[in-house]
Amino acid sequence: MARQSGGRNVEESQNSETGDDRPQVDPERAPRQRRRKRWRVLSWSLFILFDIVVVLGVGLFLASLTIEGRDLPTPDWAAEKAGDILSRGLEGGQTDVGEITIRMAQKALPEVVFRDVTVTAPDGSELLNVPALQLSVDKRAIWQGKLQPRALEVVGAKLELRRKADGTFDLGFGSGERPAAFESLDSAIDAVQQLFELPALAPVEKLEVRELEVFYEDARAERAWRVSDGTMLLTHQGDALSLSVALEMPVEDGEDAEPSTVALRLSMGKTGAEAEASVLVQNVRAIDIAAHSPVLSWLEPLKARVSGAMIVGRTDQGAMGSLNGTLEIGPGLFQPETGARPIPFDGARTYFGYRPEQGRISFEELDIHAHDGTLSATGQVYFEGLETGWPTALVGQFAFSELRLDPPGLLREPALFGSGALDLKVSLDPFRAEIGQLVMTTSDPDGTRGQTDLRAAGLVTADDAGWHVSLQLGFDQIRAPMLAALWPLNLVPGTRSWIEDNLLSGRVHDARGGLRIDQGTKPQLALSFEFSDAEVQAMKTLPPVTGARGYASVGGNRFALTLEEGQMRAPRGGVIDATGTTLRVADMRQKPANVELLLKARAPVTAALSVLDEEPFNFLTKAGQPVDLATGEGRAEGRIVFPLKRGLQGRDVDFEVTAYAEDLRSEVLVPNRVLEGKRGRLTARREGLVITGDGALDGVPFAGATVQIPFGEDAAAPTVEGEVEIGEGFVQTFGIGLPKGAVTGAGPANFALELPREGDIRYSLKSDLRGVGLSLPPLGWNKAAKSEGRLQLSGRLGARPNVEALSLKAAGLNAEGSVTTSPEGGLQEALFTRVSVGDWLDAPVVLKGRGLGREPAIELRGGRIDIRKTSIGGASSSGASSAGPPVTLTLDRLTISDGIALTGFRGELTKTAGYSGNFTGSVNGQVRVDGTLVPAKGGGTAVRIRSDNAGAVFKAAGMFQQANGGSMSLILQPRGAPGEYDGQLQVEDVRVRSSSGLTALLNAITVVGLIDELNGAGLLFSDVEAVFRLTPSFVHVTRSSGVGPSLGISMEGVYDMNRDRLNMQGVFSPVYMVNSIGRIFTRKGEGLIGFTYRMRGSSSNPSVEVNPLSALTPGMFRDIFRAPPPQPRGGG
């Protein structure tokens, strides 16, 4: 059956053939008139059909009397006549009837059967073609002389129905190409009513079509269906008309489903506009239902089978009434576009009603069941664009009474929502859902925490590429565990896992976010939220942060959380305030992801250290240090990086934390000592802990100290380095063992401590001694505080501190040695392998402690002393009234002058106001002398040297080439200046031989006998005495004399030891035994007659000048003419 678009209608054809010049039909009215004319043709055919029945009435009457249960064929002319009669009202069309039979039944109505009925239009197109048309008449009416048709039955009819794109229908029977057209349900109802307005059809009670074959083509849906073995029943009861159609839809190729059935019923009156239509569907595809009604267009995206019933009415004004229905939707898929991933569901049920005057469909019940969840809701949908015949958009509002979400593998557990609401606008072609708001309300199972409203708004679209979702998300408040429960497992899974594992409790609120999903790619989430009264677990092994308040954000694959308030109760030491701490994960996609913890905290130092000793760190335990290593209050900032994985090890964590602490104190770091600091900086890294700052160790100030505590089982020992103030307090605190008063002032020194796990602390110290005054009274050595020097110490600090190595260089003093302390405290022994002071002392020195508060004993074990350049003795530090320390001297050499030294010097001395004691030694290694030291009145030490062989002493001293015998006593009194003494010499009975000076003197006056005696047995001096002054550079003889039987001599003058120059003068008196008669008038050693002389030059070869005339001057007048004695240079 072809459409009539573009062809001319019958009236136009007739007008053109007859030449009728009547006005043409209005083009806008022409289609409507053509449709009415086609319907009149069909109506007229039925009317003529009943006329034929009247023609056959007589035959039916007679047959009813004689024949029952048999089909009586009629003559061929009857069929031809029936065709001619039927053709009269076709305006040029033609009706052909193949055969007419009459069937009589005793109890049933008589039936007239028309077979192979064909109706064609004037242009030859087929309007109707049915295999059999059966007409039943009222038997009782026949007996009354009336012919009334009661029922009409059509068998094997073909119905072609086409819905055009504009929504109008074309209806045709058989293969007719000119169907009847209906603009709407109203026009179809009008056609049925017009059919029964015909007088001939008034008695008809039933019109039935069996074995109906329907071909339905829908241009709007671009689909076509062919249904066979359908039925259609039109009943007429009084003024009531009812049209029912039952169809069974064939199963399409490839489908494994039950056949679909459709039952339609149209009830109306013969007059009036009021009508009611009902539709019953069973197992019909949702898209097929949606295609036939704009009210049901919302079923279009569903790929499922639908069963249900719908009723729609028409008001008496001809307007469409309300539509009510119920639908049961079977298992299927929601897939608005072929490229969109289908969303499966198990089924749905809905009760709904449509109000055309409002353009609104109300869902009184909407239940959806799926493996992924269930939904119970009510709502309403408004249609936009219905004026075009098909909605362009659906605007819906729904309220949820129950919502359960349980997609497999998406949520940890089903999400339950007790209520909710959804406002959205949906366009179906293409699919576009604009969500104005989606609110899902849930509450805690125990109902104690209030409700939680989850909100969303945004856009959901589908196209050939799949789903596209862009939503703005938010919620007012929710418990932290519930946030993890509602967070999809595959949506930024790393972040979700962290929140589930580490945001243990609390309230999450004021959340705002955005979600973007493009099918085929990973979802993108941006979310920020605040939390309060929470418990946050930064690391599994660490104590949680409680009372936490702050905010967090998720963006792409990044996650960040910041604490605005929160506390961590440390295992020991108190509470850590973690306010300001931020946790960041740069890329949650990494396996494992790295967590960056930007730490800000205030805490007691012990609390912070106890956290560092938790798993997986155990830093202090591995370093052999306790967590109460130090006390104080600190403010920390730092960075901790660790992977998100199970079995976290200390080596996996990288961190650097810097803390600024106040009131630092440790009684552990340096055992048995108190380390304190007003302020300090602590830096903790994986390698160890570093503490820097100023402070004091047992009250001794230090500055710029650095304490390093390496971490690890094989780590080095902790160390302390810095600058300490050395002074009297330092010496006493660390038990250096120096006597009180040995150190004055204070100055800086660089120190280092090494703190092993076991054993004593090792230390070292270096200083330039600036600002430090030093004094060693036993050595007569002092260093001014303003002068510089060098001090280096190293040793151990323990129960008995010691100095393993000491090096001191200052103010002419060089000392190297070690110091040990006694168990009772104080000095046990200071052993200096070498001590040099200026150029007068170079010897090993040992100081031995004698108990607390007492000066140490002094031992010089070898070495040398040059008394020319020092004064032996000096004031005692303990005061003149107290006993000084013993001094033991074992010297290799004690230098007295350039040519005189005592070797093998041994002495046992004590020191009070000066040294006292006895000593022995050998003059220049040749002859032993004994000596005594006693304190001098003016301070210092006086020396007395004795010998029983004065000649040997003089010979050893180089004074005479040969001398022998005699006794000697030499007394040296200190003058105060270093190396200066006033001396007195007493010698008795010494015999001198081969003296260069005496030889030169005797040669000068040609005393032959004396020369022979000098060179022979020697000259005997029975009494020699001298008074002189000894300085480091010269000997000033103020008075000296020597007398014997052969001569007497006096001498005064200077001997410059540095230059070996003599400048002496005196009187020489030969034959002194006789000449001494006048000694009462002269000096000792001078006779009545004497020769004056002057001796100059070197001591080994002096030149002598003698004044022979001086012998003429009596001794008593000799001083009048005596020249002044020579004086040392500089007037000394």
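Under this note's numbering, read the sequence shown as residues 19 to 1150, first letter to last. Beta carbons: idealized from backbone N, C-alpha and C, even for Gly.
Mapping the DSSP letters down to three states, classify Arg704 as helix, strand or coil.
Coil, per DSSP.
Secondary structure at Asn520, three-state DSSP: helix, strand or coil?
Secondary structure of Asn520 (DSSP, three-state): helix.
Candidates Gly573, Asn1076, Asp208, Phe1109, of which the one nearest Gly1066 by Cα
Closest option to Gly1066, Cα to Cα, is Phe1109.
Is Gln211 helix, strand or coil when you go by DSSP?
In the structure shown, Gln211 sits in a helix (DSSP, three-state: H, G or I).
Contiguous beta strand (DSSP E) assignments of at least 3 residues, all confined to the region 1048-1076:
The region 1048-1076 is shown to contain whole beta strand (DSSP E) runs of 3 or more residues at 1052-1061, 1065-1074, in chain order.
Suppose contacts are defined by Cβ-Cβ distances below 8 angstroms. Is Thr908 in contact with Leu878 by that definition?
Yes, Cβ-Cβ distance for Thr908 and Leu878 is below 8 angstroms.
Check whether the Cβ atoms of Tyr1111 and Leu1048 lie closer than 8 angstroms to each other.
Not closer than 8 angstroms, so no.
Which word fits His389, buried or exposed, when buried means at least 16 other C-beta atoms lie within 10 angstroms of its C-beta?
Classification for His389: exposed.
So Phe416 is in the beta strand (DSSP E); what residue range does that whole segment cover?
Per DSSP, Phe416 is one residue of the beta strand (DSSP E) stretching across 411-423.
By how many angstroms is the C-alpha of Ala304 removed from the C-alpha of Leu317?
Between the alpha carbons of Leu317 and Ala304 lies a distance of about 6 angstroms.
Could you have a look at Val1092 and say whether DSSP puts it in helix, strand or coil?
With a pLDDT of 48 at Val1092, under the threshold of 50, the predicted position of this residue should be treated as unreliable, and no value is reported.
For the region 386-406 and the region 286-296, state whether three or more C-beta atom pairs, one from each stretch, are separated by less than 8 angstroms.
The answer is no - the region 286-296 does not touch the region 386-406, with fewer than three Cβ pairs under 8 angstroms.
Best match in Asp528, Ala767, Gly484, Arg886 for proximity to Gln495 [C-alpha to C-alpha]
Residue Asp528 is the option with its Cα nearest to Gln495.
By Cβ distance, which residues of its chain are closer than 6 angstroms to Ala544, with the 5 residues on each side in sequence left out?
Same-chain partners within the cutoff: Gly531, Gly532, Gly573.
Expressed to the nearest angstrom, what Euclidean distance is found between the alpha-carbon atoms of Thr136 and Ala150?
Rounded to whole angstroms, Thr136 to Ala150 spans 10 angstroms at the Cα level.
Taking DSSP's pairing of strands, which residues face Asn768 in a bridge?
Beta-bridge pairing links Asn768 to Glu741, Lys784.
Can you look up Trp57 in the DSSP assignment and give me helix, strand or coil?
Here the model assigns Trp57 a pLDDT of 48, short of 50, so the residue's position is not dependable, and the following value carries that caveat. Residue state, collapsed to three classes: helix.
Would you mind stating whether Glu582 and Gly591 have Cβ atoms separated by less than 8 angstroms?
Contact: no.
Alpha carbon to alpha carbon, what distance is there between Lys973 and Asp1041?
For Asp1041 and Lys973, the gap between their C-alpha atoms comes out near 17 angstroms.
Can you tell me whether Ala960 is buried or exposed, with buried defined as 16 or more other CB within 10 angstroms of its CB?
With 16 or more other Cβ atoms within 10 Å, it is buried.
Length of the line joining the Cα atoms of Pro766 and Lys784
Here the alpha carbon of Pro766 sits roughly 9 angstroms from the alpha carbon of Lys784.
Out of Phe577, Gly650, Phe720, Lys558, which one is the CA nearest neighbour of Gly668?
Out of Phe577, Gly650, Phe720, Lys558, the CA that lies nearest to the CA of Gly668 is found in Lys558.
Where Met267 and Val232 are concerned, what is the direct C-alpha to C-alpha distance, given to the nearest angstrom?
If you take the alpha carbons of Met267 and Val232, they lie about 10 angstroms apart.
Tell me which residues share the same chain as Gly1150 and place their Cβ nearer than 8 angstroms to its Cβ, disregarding the 5 neighbours each side in the sequence.
Here Gly1150 scores only 49 on pLDDT, less than 50, and its place in the model should not be relied on; the value that follows carries that caveat. Contacts found: Arg1047, Thr1049, Phe1052, His1054.
So Ala503 and Arg450 are supposed to be a Cβ contact under 8 angstroms. How far apart are they, rounded?
Contact between Ala503 and Arg450 is ruled out by a C-beta separation of about 31 angstroms, above the 8 angstroms threshold.
Can you give me the start and stop residues for the beta strand (DSSP E) that Met458 sits inside?
For Met458, the enclosing beta strand (DSSP E) begins and ends at 449-461.
By Cβ distance below 6 angstroms, which residues in the same chain neighbour Gln14 in space, the five residues on each side in sequence not counted?
The requested residue 14 does not occur in the structure, where the chain is confined to residues 19 to 1150.
Asp595 bridges to which residues according to DSSP?
Answer is Gln585, Arg620.
Just to check my reading of the structure: Val686 and Asp716 have Cβ atoms closer than 8 angstroms, yes? What is that Cβ distance to the nearest angstrom?
About 14 angstroms separates the beta carbons of Val686 and Asp716, which is beyond the 8 angstroms limit, so they are not a contact pair.
Nearest to Phe370 by CA position, among Phe1039, Asp236, Met328, Thr92, is which residue?
Of the candidates Phe1039, Asp236, Met328, Thr92, Met328 places its Cα closest to the Cα of Phe370.
Between Leu859 and Ser793, what straight-line distance do the alpha-carbon atoms span, to the nearest angstrom?
In this structure, the straight-line span from the alpha carbon of Leu859 to that of Ser793 is close to 16 angstroms.
Exposure label - Thr410; buried when at least 16 CB within 10 Å
Classification of Thr410: exposed, given that the 10 Å Cβ count is below 16.
Tell me, please, which residues DSSP counts as bridged to Asp481.
Answer by DSSP bridge pairing, in chain order: Gly484.
Host beta strand (DSSP E) of Gly248 (start-end):
Gly248 -> beta strand (DSSP E) spans 241-255.
Looking at Val971: is its Cβ nearer than 8 angstroms to the Cβ of Met986?
When the beta-carbon positions are compared, Val971 and Met986 come within less than 8 angstroms of each other.
Since Pro992 sits in a beta bridge, which residues does DSSP pair it with?
Per DSSP, Tyr999.
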